[in-house]
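Take a look at the structure below.
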Amino acid sequence: MEKMNIKWNYTNKIVNDLLKINRAREIVDLLEIPVSVEEEIKKETIAKRVHYSTKIEGNSLDLNTVKKIIENTNNSHERNVLEVRNYYNALMYLNKEADTNNSITEDLIFKVHNLVIGKNLNAKATYRDGQNIVEDSLTKQIVYMPPEAKDIKVLINQMIKEFDNKTSKDIPIPIKAGIIEYEFVTIHPFWDGNGRTSRLLANYILKAYGYDLKEFYVMEEFYDKNINDYYNSLQMGLHHNFYFGRKDADITEWLEYFISTMANTFEAVGNRVKEIYLNSKEEANILDTLDKRERWIANYILNNGKIKAKDIASHFKISLNTANNWIKEWLENGFLVRENDKQIRNVDYILTKKYQEKIK
């Protein structure tokens, strides 16, 4: 029975990128942004994960179409649509699992793969029973010849055992996720859906161990931006036959790529969260400067488009003269502005652009 004996080493690049990942995690954990914005980012993230992971495998649907499928507004049974729907179901299943579970089991693998290929979650599942050669779609040359069917179960069990091994507890979670993604797609245990399942398992590990970044990140988008780098990093110039080098490979090159991609993705998310946080704080600060009168007026203008002195006088039960004095003060401090400079009587007032942009 064949076993994998992969090797890897810490490099300066890996160490520095791990530090970047943790800095980004701290930013996202510490900075609170509006809940509504969080939900929008998560929604966008899920759609992008589904879109880019299926696109990597040749799915031709664009992001907007993927969003419609997720929202159940596209009920077509066309192959690309089913592939997207299946991947979404698998992603949602693993996200739920990661809330209460952090282990990888053969049962979990079978269930995820069942969903990826459109079967019921608990349908009977088996590994491939023959050779599954990967060819270049254009040249038809052999790109990869995975292990023989008779070795799959042993290799998968070894992968699972090493993931849970006590000696691996000190290995950073991002590296463990990268190892699982590499080993699984290298074993290639099924006839179809191996790449998608490998990426799902990596994301599952990151979420289960607290590296989900509030589900704001999409590594698959970075993979897709330069797909050749993704495939070349997985292949690392090794022989196309699993038994002639890949089972004993030094995968440092792949891990450098994986951790670097993760660091770039996390940094981008951290920067975005920081920007949203600062904008929301600025908005909150502006609202905090408004007194009760100004808050009422801002709300009135938002609902009616404009306000007149008589509206202010009526609501606050003050004279028209007092209302005009208040308006004069607000014109000077930049709270209100005339809607039309040519108006002389019965003037309409609106919020200045500064407040229009922040009070919505």
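The sequence shown begins at 683 in my numbering and counts up one residue at a time.
All C-beta atoms in this analysis are idealised placements derived from N, C-alpha and C, irrespective of residue type, glycine included.
This structure is a prediction, so every number in the text was calculated from the model and none was measured.
Query raised in the report: What does a CB cutoff of less than 6 Å around K685 pick up in its chain, not counting 5 residues either side in sequence?
Result: Indexing the sequence shown from 1 puts residue 685 at position 3. Cβ neighbours of K685 beyond the five flanking positions: Q840.
Query raised in the report: Can you check whether the CB of E949 is closer than 8 Å to the CB of A772?
Result: Taking the first residue of the sequence shown as 1, we reach residue 772 at position 90. Taking the first residue of the sequence shown as 1, we reach residue 949 at position 267. Cβ atoms of A772 and E949: not closer than 8 Å.
Query raised in the report: From I824 to N923, what distance separates their C-alpha atoms?
Result: In the sequence shown, residue 824 corresponds to position 142, counting from 1. In the sequence shown, residue 923 corresponds to position 241, counting from 1. Between the C-alpha atoms of I824 and N923 there is a straight-line separation of about 9 Å.
Query - M827 - DSSP class collapsed to helix/strand/coil - result: On the sequence shown, residue 827 is found 145 positions in, with the first residue counted as 1. In the structure shown, M827 sits in a strand (DSSP, three-state: E or B).
Query raised in the report: Between V1126 and F1017, what straight-line distance do the alpha-carbon atoms span, to the nearest angstrom?
Result: As displayed, the chain neither begins before 683 nor continues past 1042, which places residue 1126 out of reach and without an answer.
Report task. Thinking K749 and D932 are a contact (beta carbons under 8 Å), I'd like their distance in whole angstroms, please. Result -> As a first step, residue 749 is located in the sequence shown; it is residue number 67 there, counting from the start. As a first step, residue 932 is located in the sequence shown; it is residue number 250 there, counting from the start. Contact check for K749 and D932: beta-carbon distance about 41 Å, past the 8 Å limit, so the pair fails to qualify.
Query raised in the report: Residue ranges of each beta strand (DSSP E) run of no fewer than 3 residues wholly in the stretch 887-924, ordered along the chain?
Result: Runs found: none.
Query raised in the report: Of all the options E788, E708, S718, K724, which has the alpha carbon lying nearest to the alpha carbon of E897?
Result: As a position in the sequence shown, residue 897 is number 215, starting the count at 1. Comparing Cα positions, the closest option is K724.
Query raised in the report: With which residues is L712 paired in a DSSP beta bridge?
Result: Start at 1 with the first residue of the sequence shown, and residue 712 comes out as number 30. Beta bridge pairing from DSSP links L712 with no other residue.
Requested in this report: Can you check DSSP and say which residues form a bridge with V1029?
Outcome: For this step, residue 1029 is matched to residue 347 along the sequence shown. Beta-bridge pairing links V1029 to no other residue.
Report task. Output the boundary residues of the beta strand (DSSP E) element that contains L776. Result -> Stepping through the sequence shown from its first residue, residue 776 is reached at position 94. Here L776 belongs to no beta strand (DSSP E); instead the alpha helix (DSSP H) covers 761-780.
**Report entry** Distance CB(T947)-CB(F904) smaller than 8 Å
**Finding:** Start at 1 with the first residue of the sequence shown, and residue 947 comes out as number 265. Start at 1 with the first residue of the sequence shown, and residue 904 comes out as number 222. Yes, the Cβ-Cβ distance between T947 and F904 is below 8 Å.
Requested in this report: Quick one: measure Cβ to Cβ for R881 and T736, integer angstroms, because I've assumed they're closer than 8 Å.
Outcome: For the purposes of this step, residue 881 is taken as the residue at position 199 of the sequence shown. For the purposes of this step, residue 736 is taken as the residue at position 54 of the sequence shown. Contact doesn't hold; Cβ gap of about 10 Å is too wide.
Report task. Could you tell me which residues DSSP puts in a beta bridge with K689? Result -> For this step, residue 689 is matched to residue 7 along the sequence shown. D932.
Query raised in the report: When burial is assigned at 16 or more other CB atoms within 10 Å of the CB, is W873 buried or exposed?
Result: Mapped onto the sequence shown, residue 873 falls at position 191. Label assigned to W873: exposed.
Query raised in the report: Where do the N-terminal and C-terminal ends of the alpha helix (DSSP H) with R977 fall, by residue?
Result: On the sequence shown, position 295 is the one that residue 977 refers to. Segment 974-986, the alpha helix (DSSP H) holding R977.
Query raised in the report: Does the beta-carbon of G1050 have 16 or more other beta-carbons within 10 angstroms, so that it is buried, or is it exposed?
Result: The question about residue 1050 has no answer, for the chain in this structure spans 683 to 1042.
Requested in this report: With a cut-off of 8 Å on the beta carbons, I'd call V1029 and L895 a contact; round off their distance for me.
Outcome: As a first step, residue 1029 is located in the sequence shown; it is residue number 347 there, counting from the start. As a first step, residue 895 is located in the sequence shown; it is residue number 213 there, counting from the start. Not a contact, Cβ separation roughly 51 Å.
**Report entry** Span separating the alpha-carbon of M918 from that of Y899
**Finding:** As a first step, residue 918 is located in the sequence shown; it is residue number 236 there, counting from the start. As a first step, residue 899 is located in the sequence shown; it is residue number 217 there, counting from the start. C-alpha separation (whole angstroms): 26 Å.
Query raised in the report: Which residue comes first and which comes last in the beta strand (DSSP E) that contains R1020?
Result: Position 338 of the sequence shown holds residue 1020. DSSP places R1020 inside the beta strand (DSSP E), whose first and last residues are 1018-1020.
Requested in this report: Assign E721 to one of three DSSP states: helix, strand, or coil.
Outcome: Counting from 1 along the sequence shown, the entry for residue 721 is found at position 39. Reduced to three states, the DSSP call for E721 is helix.
Report task. Please name the residue in L937, E788, L764, G875 whose C-alpha comes closest to that of N691. Result -> For the purposes of this step, residue 691 is taken as the residue at position 9 of the sequence shown. Checking every option, the nearest Cα to that of N691 belongs to L937.
Query - Collapsed DSSP secondary structure at I838 in the structure displayed - result: Within the sequence shown, the letter at position 156 stands for residue 838. The answer is helix: DSSP assigns I838 an H, G or I state.
Requested in this report: Indicate whether L803 and N768 have their beta-carbon atoms separated by less than 8 Å.
Outcome: As a first step, residue 803 must be located in the sequence shown, where it is residue number 121. As a first step, residue 768 must be located in the sequence shown, where it is residue number 86. No, these two residues do not count as a Cβ contact at 8 Å.
Query raised in the report: Whole-angstrom Cβ separation of K988 and I1032, contact assumed at under 8 Å?
Result: Reading the sequence shown from its first residue, position 306 is the one you call residue 988. Reading the sequence shown from its first residue, position 350 is the one you call residue 1032. Rounded, the Cβ-Cβ distance is 5 Å, consistent with contact.
Report task. Label E714 either buried or exposed according to how many other C-beta atoms from any shown protein chain fall within 10 Å of its C-beta, with 16 as the threshold for buried. Result -> One-based indexing of the sequence shown puts residue 714 at position 32. The residue is exposed, with fewer than 16 neighbouring Cβ atoms inside 10 Å.
Report task. Look up I989 in the DSSP assignment and give the residues it is bridged to. Result -> Sequence index remark: in the sequence shown, residue 989 carries index 307 (1-based). Note: I989 sits in a beta bridge opposite Y1031.
Requested in this report: Indicate the three-state DSSP secondary structure (helix, strand or coil) for E817 in the structure shown.
Outcome: For the purposes of this step, residue 817 is taken as the residue at position 135 of the sequence shown. Strand at E817.
Query raised in the report: Buried or exposed: V766, going by 16 or more other Cβ atoms within 10 Å of its Cβ?
Result: Here residue 766 is taken as the residue at index 84 of the sequence shown, counted from 1. V766 sits buried, since 16 or more C-beta atoms from the chains shown fall within 10 Å of its C-beta.
Requested in this report: With a 10 Å radius around its C-beta and 16 neighbouring C-beta atoms as the bar for buried, classify T755 as buried or exposed.
Outcome: As a working mapping, residue 755 is identified with position 73 in the sequence shown. A residue is called buried once 16 or more other Cβ atoms fall within 10 Å of its Cβ, and T755, having fewer, is exposed.
Requested in this report: Starting from the C-beta of N876, find all residues in its chain whose C-beta is less than 6 Å away, skip the five residues before and the five after it, and write them out in chain order.
Outcome: Your numbering for residue 876 matches position 194 in the sequence shown. Excluding residues within five positions, the ones whose Cβ falls inside 6 Å are V867, H870.
Query raised in the report: Is the CB-CB distance between I678 and I857 below 8 Å?
Result: In the structure as shown, the chain starts at 683 and stops at 1042, and residue 678 therefore has no counterpart that could be examined.
Query raised in the report: In whole angstroms, what separates the C-alpha of T747 from that of I979?
Result: On the sequence shown, position 65 is the one that residue 747 refers to. On the sequence shown, position 297 is the one that residue 979 refers to. Cα-Cα distance, rounded: 42 Å.
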